[in-house]
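The block underneath contains the structure these notes are about, expressed in structure tokens.
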Amino acid sequence: MDNDSFLRIASNLTPGGGRASTDERPPLRNGPRLAAVAAPCHSAATAVDRVGAVQYLNTRPLVHGLATAGLEVEYDLPSRLADRLASGHLDVALIPSIEFFRGVGYRLVSDACIGCRGPVMSVKLFFRTRPDRVEHLAVDEGSRTSVALARLLLAERCGVAPEVEVLRLEDDISTTVADAVLLIGDRAIGSQTGNFQEVWDLGDEWCRWTGLPFVFAVWAARSDVPAETLRRVEPLLAAARDSGKANLAAIAAVEAKPHRLTVPQCLGYLRDNLHYDLGLRERAALALFYDRASALSLAPRGLNLSAALAPAGLPMAH
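My numbering runs 1 ahead of the 1-based position in the sequence shown.
In structure tokens:
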């Protein structure tokens, strides 16, 4: 299915379809832990007291205002949040987009997301050999979406399905002899490329290959959370995102040093490499990602995209 078909699907998901990007890209041929702040529950959010958020630099603009939004927030790793949402220990969580497809009856809660419309800088695939010769792939244990994206791109563009090994967060890249190594976060931003034949920025590779953005994480809810509760929570998540976007310079000033970045580097990353709005093209990208991932058995088949990608009963605020 081509991009136009996915855009038509996305246009039917929500009234107005969200805000489309004007970014057009040519297709190719083929941190430190954040403190959990338990603020007193606001009356508007008392029905949801189990919200999970991610503690990485790239999510800071989404969680910047949550402490004052009246939500009780628990911070954890993306993969753990996905597991806790699936097991019922959380009602709403910021989870990897691939886990949104793997969950049972999940629905979007907000038009806030973590995405990119070009190079993302913090998700990179390092090659010790030609991409079409990769037999073993080492992956950072932190992000399931990035692993799925790496496997998808290698399969679709290079025709390879390498064996996968997990590179623990405490392991140095030199501890693996894999043909390719996937790094995320600080390790991807700071890694040197001298010992590798080629490096892919996976955000850029996807955007150039498909002509669409990529979405790494979304706010999702369990299917048994009442829609009226989600209607109350959605504006709080959107407001937190908007507050973060309005305060990127302040966030960068605080976060740069712990992440071994200069303030201009940190600000550039948050402002230029990341995108925080789930609009029409982002929904089309999620649909395409699901289609290709499910074809490779990286996500279950048969998901109702219209139901999954449209927040149940929620107006799109942006």
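Even for Gly, the Cβ is constructed at its ideal location relative to N, Cα and C.
Taking a contact as a CB-CB distance under 8 Å, the pair alanine 221 and glycine 104 counts as one, their CB atoms being some 7 Å apart. Counting only residues of its own chain and dropping the five nearest sequence neighbours on each side, leucine 82 has a CB closer than 8 Å to the CB of Gly53, Ala54, Val55, Leu91, Ala94, Leu95, Ile96. By alpha-carbon distance to alanine 68, the top candidate from Pro301, Ala300, Leu237 is Leu237. With 16 or more neighbouring CB atoms inside 10 Å of its own CB, aspartate 180 falls in the buried class. Secondary structure remark: continuous beta strand (DSSP E) runs of at least 3 residues inside the segment 96-162, in chain order: 108-117, 124-128, 137-141.
Proximity to cysteine 117 across Glu166, His276, Thr176 peaks at His276, based on C-alpha coordinates.
Comparing C-alpha distances from aspartate 278 to each of Ala218, Glu100, Ser298 shows the shortest one belongs to Ala218. Here the alpha carbons of leucine 154 and leucine 249 stand approximately 31 Å from one another. Between the beta-carbon of alanine 300 and that of isoleucine 99 there is about 6 Å, and that keeps the pair under the 8 Å contact cut.
At the C-beta level, alanine 239 and alanine 113 come within 7 Å of one another. Leucine 297 counts as exposed, since fewer than 16 other beta carbons sit within 10 angstroms of its beta carbon. Taking one beta carbon from each stretch, the segment 280-287 and the segment 126-135 have fewer than 3 pairs nearer than 8 Å; the two do not touch. Here alanine 221 carries a strand assignment [DSSP, helix/strand/coil].
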